[in-house]
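When you number the sequence shown by numbering that gives the first Met the number 0, it's gap-free, plus one each residue, and the end is 189.
Step one of this worksheet: look at the structure below.
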Amino acid sequence: MITDGAQLLDINGQRKYLHAREAKRLLAAAARADRETRLFCHLLYYTGCRVSEGLALTPRLLDTELARVVFRTLKRRKLVHRAVPLPAPFLRELAELAKHRALDERLFPWSRSTGWRRIKALMDAAGIDGPQATPKGLRHHFGVHAIGCKMAESSVGRWLGHAEPKSTYIYTAALGDEERALVRRMWKER
Numbered sequence: 000m001i002t003d004g005a006q007l008l009d010i011n012g013q014r015k016y017l018h019a020r021e022a023k024r025l026l027a028a029a030a031r032a033d034r035e036t037r038l039f040c041h042l043l044y045y046t047g048c049r050v051s052e053g054l055a056l057t058p059r060l061l062d063t064e065l066a067r068v069v070f071r072t073l074k075r076r077k078l079v080h081r082a083v084p085l086p087a088p089f090l091r092e093l094a095e096l097a098k099h100r101a102l103d104e105r106l107f108p109w110s111r112s113t114g115w116r117r118i119k120a121l122m123d124a125a126g127i128d129g130p131q132a133t134p135k136g137l138r139h140h141f142g143v144h145a146i147g148c149k150m151a152e153s154s155v156g157r158w159l160g161h162a163e164p165k166s167t168y169i170y171t172a173a174l175g176d177e178e179r180a181l182v183r184r185m186w187k188e189r
């Protein structure tokens, strides 16, 4: 299963996920953007959703009682919904935006390419380049970060809408700070 980790690297061996420092710079760039772009970026950051899943979000899919958002999972043959927890302050911001929309009106009424370009522009503003400088790089960051924070693989897979555990397993192969600390200890033993 070691080769599964290669999915987090492109054909040139470059990372396809944002590092924590890059994610921090992205959020700083988003703070300077217009409200909708900032909220959309934070939605991808906090949930790991795909661009199209985030764009399909409506006020009806905000569950303020349980502090979560519900996505229709893409890339499935059957209709599958998944609930992803959100930080309460961010959910309040989404709920505020939702006040100005009908229950089934999209919160972010853009095309997929517009949503993608807005995130890519934030990546550029944050000085992030390479294969990780895409909305999918942010999705991969969510998976790597969640596993690094010791979240259960089953929870991470459910939040990302994975049908198979092996899809989530790839995030365990990322070289994180904890693994670097273990390797440093190993090097000191010599």
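Note that CB positions come from ideal geometry on N, CA and C, so glycine has one too.
Do residue i and residue j have their CB atoms nearer than 9 Å?
i                : j              : result
phenylalanine 70 : leucine 85     : no
threonine 57     : tryptophan 158 : no
alanine 28       : leucine 121    : yes
alanine 145      : serine 154     : yes
arginine 111     : leucine 54     : yes
proline 190      : lysine 119     : Residue numbering for the chain in the displayed model covers 0 to 189; residue 190 lies beyond these limits and cannot be assessed.
valine 182       : glycine 114    : no
List the endpoints of the continuous alpha helix (DSSP H) containing residue i.
i            : result
arginine 117 : 111-124
cysteine 40  : 34-46
arginine 157 : 152-159
tyrosine 168 : 164-168
arginine 24  : 19-30
lysine 101   : The question names lysine, but residue 101 in the sequence shown is alanine. Segment: none, alanine 101 is in no alpha helix (DSSP H) and carries neither H nor E.
valine 141   : Rather than valine, the amino acid found at residue 141 in this sequence is phenylalanine. Residues 134-147.
Could you work out which residue in the options is closest to residue i when comparing CA atoms only?
i                 : options                       : result
arginine 14       : Leu102, Phe107, Ile127        : Ile127
arginine 67       : Cys48, Lys23, Thr113, Lys77   : Cys48
lysine 232        : Glu52, His18, Ala19           : Because the chain is modelled from 0 through 189, residue 232 falls outside the range shown and cannot be assessed.
arginine 105      : Val155, Val79, Cys148, Phe39  : Phe39
leucine 7         : Val83, Glu92, Leu42, Gly136   : Gly136
leucine 17        : Arg138, Met185, Arg31, Lys149 : Arg138
cysteine 148      : Glu178, Val182, Asp103        : Glu178
phenylalanine 141 : Arg31, His41, Ala30           : His41
valine 83         : Leu43, Lys77, Gly129          : Leu43
leucine 193       : Arg100, Phe89, Thr113         : The chain is shown from 0 up to 189; residue 193 falls before or after that span and cannot be answered.
glutamate 21      : Arg183, Gln131, Gly156        : Gln131
Given residue i, which residues of its chain have a CB within under 7 Å of its CB, disregarding the five upstream and five downstream residues?
i           : result
alanine 94  : Leu61, Thr63
arginine 87 : Contrary to the premise, residue 87 reads as alanine rather than arginine in this sequence. These residues qualify, in order along the chain: Ala66.
Starting from the C-beta of residue i, find all residues in its chain whose C-beta is less than 8 Å away, skip the five residues before and the five after it, and write them out in chain order.
i           : result
aspartate 3 : Because aspartate 3 carries a pLDDT of 46, less than 50, the predicted location of this residue cannot be relied on, and the following value inherits that uncertainty. Excluding positions up to five away in sequence, the list reads Lys165, Tyr168, Ile169, Ala172.
arginine 24 : Ala125, Gly126, Ile127
leucine 96  : Arg34, Glu35, Leu38, Leu106
Skipping 5 residues on each side, what residues in its chain have a beta carbon closer than 6 Å to that of residue i?
i             : result
threonine 36  : Arg117
glutamate 152 : Thr167
valine 143    : Tyr16, Tyr170, Ala173
alanine 5     : Confidence is the limiting factor: at alanine 5 the pLDDT is only 48, short of 50, which leaves the residue's position unreliable and the question unanswerable from this model.
glycine 129   : Gln13
glycine 160   : Thr72, Arg81
### Message
Ignoring anything shorter than 3 residues, give me the beta strand (DSSP E) runs that lie fully in the segment 49-88, in order along the chain.
### Response
67-71, 80-84
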